[in-house]
């Protein structure tokens, strides 16, 4: 019976509303007070039933909930035979709850869309070799799965056979197809747009990249800031306090009307719901736009950021250095080039990749006696000759003479922001290459937007030489730029700025910058869906998209402001109601309930605005 | 010990959380420290001793309060 009533709450609300309307109509049209009375009494009873049941259940687990307050208020109204008030209050309370549910679903819709992208079923190879459809929970690591065109990849895995193009938007936010074949990695939640694949499961369920993203967003939307925890604690004692207050008022004034009005006015609504609503809508907007914000504490700190520190390579620049100029100091370039390529082939230095790309097809020689000079380059024996590949410091160490012409070239290349790779064979300079990383397109405009949003200090830290760093800094209009910095230097720098009272956000690629990411007030990872980046940072920009950074900051600011607005609205309404009950004539239970429910809807609607937030250009 | 994640219908009032929390903490076999009701995701996370209480009994306690249980998952804690 109880459960039936609760399940049919909406029906009860509807009948309750209809009875009230027909009661008033019959009073005005026929002038019969008895029909009016009975209609409203029935409406009150119907409306109060679900509320009273909820109140009873709350009391059973020792919680004085808002239902308890309303139930007592309705009983009080019955005692003084004010059926008009009791009916209207119950109806407004129920109808308000109905609207709240609807609108709250809206604020949560963005995150729901994300979680609904999770795969549900898979085609798994059974013992007889056939593929059968199973729930995704039944897939274990090592299982072999079949994925057909149009289906979601159910797990993180490796392609065994087949080829296809996959839309990885759910992981990277970038909606273009990526070609996959044997031995390629595929990710749960991405969609096979074309082709058929057999894959082996490497990670399943919550361990997949997509599972981690979802878990993170779900945790973020319910994570609480210190202010929220305070409000929660406050709400726990607030409701019983209202009950006691109303009882005291009744004891001294013997005025039931006043006592029950206080009960209704005291219902905590907008205050408890205001902040979570802004939080979920703000995080939802981010999730939709490739920005993961980890909770309301993060939003609060991020919105106050006044200093942003950027890693250079891979953050402000593309991170894919290329040779911009090659200068030869001898005529027979063939041998020197192939020596250079042979040595670089064995190095995993980022510059080595650029050099190899530039040289392309060539003859490779065996390399012997390789010696890596830290901060200099490589010395090795190739074809019986001593070959040195590296920077000017290495050449000086090797006593390679640089002609005036070569020195001028080196100075010019460095001035233009190149890193130098020189090649000397048997102590004679043969080749000089200038290698330069390109600034990401549009970064300058995005940095301007950040400045407009109140980030006064834009700083770049890099392990690269100061010349290169200065050039990029000038081009982008940064406040400061420091080169020759190791990861621990960067972390130390972040620490110093924080101690100086700055609110620091660090933007990096999340792998070698993790100490700085962790030390900064806000760590922002340019994550291409990698686990380290997702876990160590406070904000993740999916698919390393720099353009999302101003949106992320603007959104954090808008969300923080929205929370504050909601708190002001909620507290303002309570103060207004309390003042009116003592100092005005017109305040009664029904109006109190109307304002109360109205204020809840106002804070929800206000929070909903965040779902549509976009950075104004 | 088992860890359960229970998905509920949309929670609309924060006092619902208090109620559900209160009800679960009163059950024998439930690890009181682990009871966590999330408002926005409308999820309940709880660890329980499966010798003393079953998932069905926990679900029953929640639905008796009038909150519909949509889906639940149990993992070893």
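Chains as they are written, first to last, in this note's numbering: chain A, 1 to 617; chain B, 1001 to 1077. From the three backbone atoms N, C-alpha and C, an ideal C-beta is built for every residue, glycine too. These numbers come from a predicted model, not from an experiment.
Can you tell me which residues form a DSSP beta bridge with residue 563/A?
Position 563 of the first chain, counting from 1, holds the residue named residue 563/A. According to DSSP, residue 563/A bridges with nothing at all.
Within 7 Å of chain A by C-beta, residues of the region 1018-1043 of chain B in sequence order
If the cut-off is 7 Å between Cβ atoms, the region 1018-1043 of chain B has 1018, 1019, 1022, 1023, 1026, 1038, 1039, 1040, 1041 near chain A.
If distances are taken between C-alpha atoms only, which option among 71/A, 200/A, 586/A comes closest to residue 155/A?
Position 155 of the first chain, counted from the start, is the residue given in the question as residue 155/A. Checking every option, the nearest Cα to that of residue 155/A belongs to 200/A.
Give me the chain A residues within the contact set of residue 1065/B, using Cβ-Cβ distance strictly less than 7 Å, ordered along the chain.
Along the second chain, read from residue 1 onward, the residue named residue 1065/B stands at position 65. By Cβ distance, chain A contributes 57.
Quickly, what does DSSP pair residue 508/A with across the bridge? List them, please.
Sequence index remark: in the first chain, residue 508/A carries index 508 (1-based). DSSP output for residue 508/A lists 525/A as bridge partner(s).
Bridge partners - residue 385/A, DSSP secondary structure assignment:
Counting from one through the first chain, the residue named residue 385/A turns up at place 385. When DSSP reads this structure, residue 385/A sits in a beta bridge with 382/A.
Below 9 Å on C-beta distance, what does residue 1054/B contact in chain A?
Within the second chain, residue 1054/B is the residue found at index 54, counting from 1. Residues of chain A passing the Cβ test: none, with the nearest at roughly 19 Å.
Could you check whether the Cβ of residue 276/A sits closer than 8 Å to any Cβ belonging to chain B?
In the first chain, counting from the first residue as 1, residue 276/A sits at position 276. Cβ-Cβ to chain B under 8 Å: yes for residue 276/A.
For a contact meaning CB atoms closer than 7 Å, what does residue 222/A contact in chain B?
Working through the first chain from its first residue, we reach residue 222/A at position 222. By Cβ distance, chain B contributes 1038, 1039, 1040, 1041.
Close-in-space but distant-in-sequence residues of the same chain around residue 413/A (CB under 7 Å, 5 per side omitted)
As a first step, residue 413/A is located in the first chain; it is residue number 413 there, counting from the start. Excluding sequence positions up to five before and after residue 413/A, its CB lies within less than 7 Å of the CB of 325, 420, 434, all in the same chain and listed in chain order.
Residue of 257/A, 518/A, 501/A minimising C-alpha distance to residue 307/A:
Here residue 307/A refers to the residue found at position 307 of the first chain. Looking at the Cα atoms, 501/A is the closest of the given residues.
What separation, rounded to the nearest whole angstrom, lies between the Cα atoms of residue 529/A and residue 101/A?
For the purposes of this step, residue 529/A is taken as the residue at position 529 of the first chain. For the purposes of this step, residue 101/A is taken as the residue at position 101 of the first chain. Residue placement at residue 529/A is flagged as unreliable, the pLDDT there being 47, under the threshold of 50; a coordinate-derived value is accordingly withheld.
Of the choices 92/A, 213/A, 132/A, whose alpha-carbon is the least far from that of residue 70/A?
As a working mapping, residue 70/A is identified with position 70 in the first chain. The option with the nearest alpha carbon to residue 70/A is 92/A.
Using a Cβ-Cβ cut-off of 8 Å, state whether residue 1015/B counts as contacting chain A.
Position 15 of the second chain, counted from the first residue, corresponds to residue 1015/B. True, the Cβ-Cβ gap to chain A drops below 8 Å.
Contact list for the region 66-95 of chain A against chain B, Cβ threshold 8 Å:
Among the residues of the region 66-95 of chain A, those with a Cβ less than 8 Å away from any Cβ of chain B are 66, 67, in the order of the chain.
Could you compute how far the alpha carbon of residue 288/A sits from the alpha carbon of residue 178/A?
Indexing the first chain from 1 puts residue 288/A at position 288. Indexing the first chain from 1 puts residue 178/A at position 178. Their Cα atoms are separated by approximately 21 Å.
Going by beta-carbon coordinates alone, are residue 13/A and residue 44/A separated by less than 8 Å?
Locating residue 13/A in the first chain gives position 13, counting from the first residue. Locating residue 44/A in the first chain gives position 44, counting from the first residue. No. Outside cutoff.
Verify the CB distance criterion: does residue 54/A have a CB-CB separation below 8 Å to chain B?
The residue labelled residue 54/A in the question sits at position 54 within the first chain. By this cut-off, residue 54/A is an interface position.
Run through DSSP, which three-state label would residue 170/A get?
As a working note, residue 170/A is residue 170 in the first chain. Residue state for residue 170/A is assigned as helix, using DSSP reduced to three classes.
From residue 582/A to residue 279/A, what does the alpha carbon distance come to, in whole angstroms?
The residue given as residue 582/A occupies position 582 in the first chain. The residue given as residue 279/A occupies position 279 in the first chain. Those two C-alpha atoms are separated by around 35 Å.
Chain-ordered residues of the region 210-221 of chain A with a beta carbon less than 7 Å from chain B:
Along the region 210-221 of chain A, the positions whose C-beta sits under 7 Å from a C-beta of chain B are 218, 221, read in chain order.
Specify the secondary structure class of residue 1063/B as computed by DSSP and reduced to three states.
Position 63 of the second chain holds residue 1063/B. Look at residue 1063/B here: in three-state DSSP terms it is helix.
Under three-state DSSP, which class holds residue 300/A?
Position 300 of the first chain, counting from 1, holds the residue named residue 300/A. If DSSP states are grouped into helix, strand and coil, residue 300/A belongs with the helices.
Closer than 7 Å by C-beta to residue 372/A: which residues in its own chain qualify, once you throw out the five before and the five after it? Chain order, please.
As a working mapping, residue 372/A is identified with position 372 in the first chain. Spatial neighbours of residue 372/A in its own chain (CB-CB distance under 7 Å, excluding positions within 5 residues in sequence) are listed in chain order as 378.
Can you tell me where the alpha helix (DSSP H) with residue 14/A in it begins and where it stops?
Walking along the first chain from the start, residue 14/A turns up at place 14. Looking at the DSSP string, the run of the alpha helix (DSSP H) that includes residue 14/A is 9-30.
CB of residue 136/A to nearest heavy atom of the ligand FAD: below 7 Å?
By its list of ligands, the structure shown contains no ligand whatsoever, and the ligand FAD lies outside what it can speak to.
Apart from the five residues just before and just after residue 48/A, which ones in its own chain have a Cβ nearer than 7 Å to its Cβ?
Translated into positions along the first chain, residue 48/A becomes position 48. Excluding sequence neighbours, residue 48/A sits near 71, 74, 90.
Would residue 627/A and residue 365/A qualify as a contact pair, given that the criterion is a beta-carbon distance under 8 Å?
In this structure chain A extends from 1 to 617, so residue 627/A is not present and cannot be described.
Alpha-carbon spacing of residue 329/A relative to residue 403/A, whole angstroms:
On the first chain, residue 329/A is found 329 positions in, with the first residue counted as 1. On the first chain, residue 403/A is found 403 positions in, with the first residue counted as 1. Computed Cα separation, rounded: 10 Å.
Proximal residues of chain C, C-beta to C-beta of residue 6/A below 8 Å
In the displayed structure, chain C is absent; the protein chains listed are A and B.
Cβ of residue 201/A less than 8 Å from any chain B Cβ?
Residue numbering aside, residue 201/A sits at position 201 when the first chain is read from its first letter. No - not a single Cβ of chain B is within 8 Å of the one on residue 201/A.
Okay, do the region 1012-1027 of chain B and the region 52-62 of chain A touch, 3+ Cβ pairs below 8 Å being the bar?
Inter-segment contact for the region 1012-1027 of chain B and the region 52-62 of chain A is present: three or more beta-carbon pairs are separated by less than 8 Å.
May I have the straight-line CA-CA distance separating residue 477/A from residue 603/A, to the nearest angstrom?
Here the question's residue 477/A lines up with position 477 in the first chain. Here the question's residue 603/A lines up with position 603 in the first chain. Looking at the two C-alpha atoms, the distance is approximately 41 Å.
By DSSP, does residue 457/A sit in helix, in strand, or in coil?
For the purposes of this step, residue 457/A is taken as residue 457 along the first chain, with counting starting at 1. Strand, per DSSP.
So, with DSSP's three-state summary, where would you put residue 606/A?
On the first chain, residue 606/A is found 606 positions in, with the first residue counted as 1. DSSP places residue 606/A in the helix class (H, G or I) of the three-state scheme.
Where residue 280/A meets chain B, residues with beta-carbon distance less than 8 Å
Numbered from 1 along the first chain, position 280 holds the residue referred to as residue 280/A. Near residue 280/A (Cβ distances below 8 Å), the residues of chain B are 1040.
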